[in-house]
Amino acid sequence: MESKEKIVSCLNILKRLPPTQIQKNAAALASLIPDYAEELYQKIDKPLDIGQDEKGNQFIQSEFNRDGDSFRSYLTNSYYPAIDDAVYPSEALRKLEIKANAVFDEYRRLYYEGGLSSCYFWDKEDGGFATAWLIRKNVEKSKGIEDGSWSSINVIDIKTDGKSKWTYKITTSVVLEMNIIENQDVGKFNITGTLTKQKEESFEAPAGNKDLDLFHIMKIGTLVEDVESYLRSQLDSVYFGKTKDIVFQTRFSEGQKHFLQQRQELAGEFKQKYG
Numbered sequence: 001m002e003s004k005e006k007i008v009s010c011l012n013i014l015k016r017l018p019p020t021q022i023q024k025n026a027a028a029l030a031s032l033i034p035d036y037a038e039e040l041y042q043k044i045d046k047p048l049d050i051g052q053d054e055k056g057n058q059f060i061q062s063e064f065n066r067d068g069d070s071f072r073s074y075l076t077n078s079y080y081p082a083i084d085d086a087v088y089p090s091e092a093l094r095k096l097e098i099k100a101n102a103v104f105d106e107y108r109r110l111y112y113e114g115g116l117s118s119c120y121f122w123d124k125e126d127g128g129f130a131t132a133w134l135i136r137k138n139v140e141k142s143k144g145i146e147d148g149s150w151s152s153i154n155v156i157d158i159k160t161d162g163k164s165k166w167t168y169k170i171t172t173s174v175v176l177e178m179n180i181i182e183n184q185d186v187g188k189f190n191i192t193g194t195l196t197k198q199k200e201e202s203f204e205a206p207a208g209n210k211d212l213d214l215f216h217i218m219k220i221g222t223l224v225e226d227v228e229s230y231l232r233s234q235l236d237s238v239y240f241g242k243t244k245d246i247v248f249q250t251r252f253s254e255g256q257k258h259f260l261q262q263r264q265e266l267a268g269e270f271k272q273k274y275g
C-alpha cells in the first residue's frame, strides 16, 4: 500500500471514531505507520495544545513548530525540551516572525478578547516560505456548558514570481469542542465540530519591494480575517443550526411517542369503564 493510501485509510478511520479521543487515536495510528507519522499529523485537525518555556511563558504547540517530540517557542526561538540539530527559520524570517506575532497578538486581543496566539514561519525549498498562525481560546463555564475550546489554525503558503507579484494560499480550519454539563435529562454530552476553507489571492508588492515585512503582515492578516469571519458565520448558521434541528426532531419524536402512549392508555381505561 502506497503512503497516500495509508494516510487516507488512517484519516477515514479517525472520521469514524469519537472526536474527543482524536489525539489518542491519532497517536495509535501513527505508531502503525512510523515512516508517515509526520505527514499524518499534519493532515489532522485537532484542538491546539499549549506549552511553556523555562520562564513560564505560554506558546501554542502544533505540527508547524514541532521537531520530533519538541516544540519551538516563537518567544525564545528555542525548543522545549531542548534538542540537537533542530530546524529554525532563516534570520530574515525570524525577524518577520517577531513582527508578525506582535501585530497578530493585538488581533487576538481585539477579536477573541482573550485566549492565546502563536505565529510560526519556515522556509520552503522552492524559494518561498510559509506561516502558521494559531489561536486557541478556552470556552469558559456558563449555562449548560462545562468547558471547551476554540482552535483556529491558519496555514499560509507564500511564493513570488521572482519580480513583484506575491501569491498567498491560505487554508484555515476551526476546531470547536464543548462539553455539556451532565444531568439526568441529557447525560454526558459533547459537541465537536471542524470547518475548513481555502482561499488564494495574488498581490503586487510596493515599488522596489520596499518594506516587504509590513506588506506580508498586512496581506496575511487580511486573508485570515476574511476566512475566519466566513467560518464563524458557517458555524453559527450551518453547524449550530443543524444541531438545533436534530435536537428539535428528537424532542418531537419522543413527545409524539409519549402522546400516543397516553392516548392508548386513556382508550384502554375508557373501554374498561364503559365497555
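Using our numbering, you'd call the opening residue of the sequence shown number 1 and step up by one each time. Glycine included, each C-beta is placed from N, C-alpha and C at the ideal position.
_I'd like the list of long-range same chain contacts for L29, defined as Cβ closer than 8 Å, with 5 residues on each side in sequence excluded._
For the purposes of this step, residue 29 is identified with residue 29 of the sequence shown, where counting begins at 1. Correct list, in chain order: C10, I13, L14, L40.
*Could you give the C-beta distance for Y120 and Y88, rounded to a whole number, given that I count them as a contact under 8 Å?*
On the sequence shown, position 120 is the one that residue 120 refers to. On the sequence shown, position 88 is the one that residue 88 refers to. So it is not a contact: roughly 11 Å between Cβ atoms.
_Which of the three DSSP states is assigned to V87 in this structure?_
If you number the sequence shown from 1, residue 87 lands on position 87. Here V87 sits in coil by DSSP.
*With 16 as the cutoff for other CB atoms within 10 Å, does A100 come out buried or exposed?*
Counting from one through the sequence shown, the residue named residue 100 turns up at place 100. When all chains shown are included, A100 counts as buried.
*Under three-state DSSP, which class holds D126?*
Within the sequence shown, the letter at position 126 stands for residue 126. Coil.
*Residue from A86, F104, T172, S202 whose Cα sits closest to the Cα of R232*: In the sequence shown, residue 232 corresponds to position 232, counting from 1. Residue T172 is the option with its Cα nearest to R232.
*Cβ contact (3+ pairs, closer than 8 Å) linking the segment 122-131 and the segment 143-161*: yes
_Inter-residue CB distance, G221 and M178 (contact presumed, cutoff 8 Å)_ = Taking the sequence shown and counting its residues from 1, the one referred to as residue 221 is at position 221. Taking the sequence shown and counting its residues from 1, the one referred to as residue 178 is at position 178. Between M178 and G221 the Cβ distance is about 28 Å, and since that is not below 8 Å, they are no contact.
*F215 - containing alpha helix (DSSP H), residue span*: Counting from one through the sequence shown, the residue named residue 215 turns up at place 215. Here the alpha helix (DSSP H) through F215 covers 212-234.
*May I ask which residues mark the beginning and end of the alpha helix (DSSP H) holding Q61?*
By 1-based counting over the sequence shown, the position of residue 61 is 61. First-last for Q61: 58-61, but that is the beta strand (DSSP E), not the alpha helix (DSSP H).
*According to the neighbour-count rule (16 or more other Cβ atoms, all chains shown, within 10 Å of its Cβ), is N190 buried or exposed?*
For the purposes of this step, residue 190 is taken as the residue at position 190 of the sequence shown. N190 comes out exposed.
*Determine the DSSP secondary structure at L176, reduced to helix, strand or coil.*
Taking the sequence shown and counting its residues from 1, the one referred to as residue 176 is at position 176. Looking at L176 - three-state DSSP - the assignment turns out to be strand.
*Take the Cβ of V8 as the centre, count every other Cβ of all protein chains shown within 10 Å, and call the residue buried at 16 or more, exposed below.*
As a first step, residue 8 must be located in the sequence shown, where it is residue number 8. Under this definition V8 is an exposed residue.
*asked:* In the DSSP output, which residue or residues are listed as bridge partners for K141?
replied: The residue labelled residue 141 in the question sits at position 141 within the sequence shown. Bridge partners of K141: none, in fact.
*Exposed or buried, S142, counting other C-beta atoms within 10 Å across all chains shown (16 or more means buried)?*
For the purposes of this step, residue 142 is taken as residue 142 along the sequence shown, with counting starting at 1. When all chains shown are included, S142 counts as exposed.
_Going by DSSP, what residue range makes up the beta strand (DSSP E) through Q52?_
Within the sequence shown, numbered from 1, the residue matching residue 52 stands at position 52. Looking at the DSSP string, the run of the beta strand (DSSP E) that includes Q52 is 49-52.
*asked:* Closest to P81 by C-alpha separation, out of L93, A92, D67, would be which residue?
replied: Taking the sequence shown and counting its residues from 1, the one referred to as residue 81 is at position 81. Looking at the Cα atoms, D67 is the closest of the given residues.
*Would you grab the beta carbon distance between Q200 and Y168 for me? Rounded to a whole angstrom, and I think it's under 8 Å.*
Taking the sequence shown and counting its residues from 1, the one referred to as residue 200 is at position 200. Taking the sequence shown and counting its residues from 1, the one referred to as residue 168 is at position 168. Before going on, a small fix: residue 200 reads as Glu here, not Gln. Their Cβ separation, rounded to whole angstroms, is 7 Å, which keeps E200 and Y168 in contact under 8 Å.
*asked:* If you measure between the beta carbons of A92 and R72, is that distance less than 9 Å?
replied: Along the sequence shown, one-based indexing puts residue 92 at 92. Along the sequence shown, one-based indexing puts residue 72 at 72. No; because the gap between Cβ atoms is not below 9 Å, this pair is not in contact.
*Along the chain, where does the beta strand (DSSP E) that runs through S78 open and close?*
Sequence index remark: in the sequence shown, residue 78 carries index 78 (1-based). Unbroken run through S78: none, as it is neither H nor E.
*Check the DSSP bridge columns for K159 and list the partner residues they point to.*
Residue numbering aside, residue 159 sits at position 159 when the sequence shown is read from its first letter. DSSP output for K159 lists T167 as bridge partner(s).
*Whose C-beta lies closer than 7 Å to the C-beta of L116 among residues of the same chain, with five residues either side of it excluded?*
As a first step, residue 116 must be located in the sequence shown, where it is residue number 116. If we look at L116 and ignore the five residues flanking it on each side, its Cβ neighbours are I50, Q58, I60, R136.
*What first and last residue would you give for the alpha helix (DSSP H) that runs through S9?*
As a working mapping, residue 9 is identified with position 9 in the sequence shown. Start and end: 3-15.
*Nearest to K219 by alpha carbon, out of S152, W166, P18, E113?*
Taking the sequence shown and counting its residues from 1, one reaches residue 219 at position 219. Taking only the C-alpha atoms, the option nearest K219 is W166.
*asked:* With the cut-off set at 9 Å, would you say L235 and V174 are in Cβ contact?
replied: Looking up residue 235 in the sequence shown gives position 235. Looking up residue 174 in the sequence shown gives position 174. Yes, the Cβ-Cβ distance between L235 and V174 is below 9 Å.
*Tell me the DSSP bridge mates of I191?*
By 1-based counting over the sequence shown, the position of residue 191 is 191. M178.
*Measure the CB-CB distance between E97 and T131 and report whether it falls below 9 Å.*
Translated into positions along the sequence shown, residue 97 becomes position 97. Translated into positions along the sequence shown, residue 131 becomes position 131. Taking 9 Å as the Cβ cut-off, E97 and T131 qualify as a contacting pair.
*asked:* So for K95, helix, strand or coil by DSSP?
replied: One-based indexing of the sequence shown puts residue 95 at position 95. Residue state, collapsed to three classes: helix.
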